[in-house]
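Some notes on the structure that comes next.
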Ligand SMILES: C=C(O[C@@H]1C=C(C(=O)O)C=C[C@H]1O)C(=O)O
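In our numbering, the protein residues as written are 16 to 217.
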């Protein structure tokens, strides 16, 4: 096995089904967002509105690229296969709150799924949740080892801090895609602090 795959195997995130997790092990302020079964985009829009912030999506990259080992196993792909990979920041105001990485096997891009390559700055969630033909698989949650490839991609130049992530497969006409959402330190801080108008007067 090539050394980079071994490295990824050792450090890959330990995703646990949300239904098996002890809720008390999740950080309280992030718990509702981590466990949200509906659209995270919609939830974050609400958090932005309560803080008077604008919500937006910033595309970091969208291209055919190699997948990570943990994505291959989740999607049943051969190791190191190529797929359509979209990486974005979901922003509260000017601040990246979430790093989202979506992996779409090329066969999912046939037919209906082709729209996935034409999203641009439109949130993927808006497309997935508007389509009654789309099914969501089980939600998984992980506390990420900061050395794992996903955490390193998510953090970029941010200071290392504990990161929580969630991921689930979606199925378009029974063909899968994998959406992984890593909560960045700024989102943890924003959720920890109540919006100004909800704070009690001193
Ligand atoms: C899957 C959703 O879509 C969100 C939007 C994304 C995008 O535009 O690439 C990626 C992940 C999600 O956080 C959602 O809203 O739940």
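For every residue, glycine included, the Cβ atom is placed at its ideal position computed from N, Cα and C.
Test item: CB-CB of residue i and residue j under 8 Å
i           : j           : result
residue 192 : residue 123 : yes
residue 32  : residue 153 : yes
residue 187 : residue 148 : yes
residue 11  : residue 138 : The first residue shown for the chain is 16 and the last is 217, placing residue 11 beyond what the model contains.
Secondary structure of residue i, DSSP reduced to three states
i           : result
residue 67  : coil
residue 98  : strand
residue 196 : strand
residue 80  : strand
residue 208 : coil
residue 170 : helix
residue 38  : helix
residue 191 : strand
residue 116 : strand
Exposure of residue i, with buried meaning 16 or more beta-carbon neighbours within 10 Å
i           : result
residue 87  : buried
residue 79  : exposed
residue 213 : exposed
residue 98  : buried
residue 2   : The shown model of the chain, from 16 to 217, leaves out residue 2, and the question about it has no answer.
residue 61  : exposed
Contact belief for residue i with residue j at Cβ below 8 Å, rounded distance in angstroms
i           : j           : result
residue 49  : residue 156 : 6 Å
residue 199 : residue 111 : 6 Å
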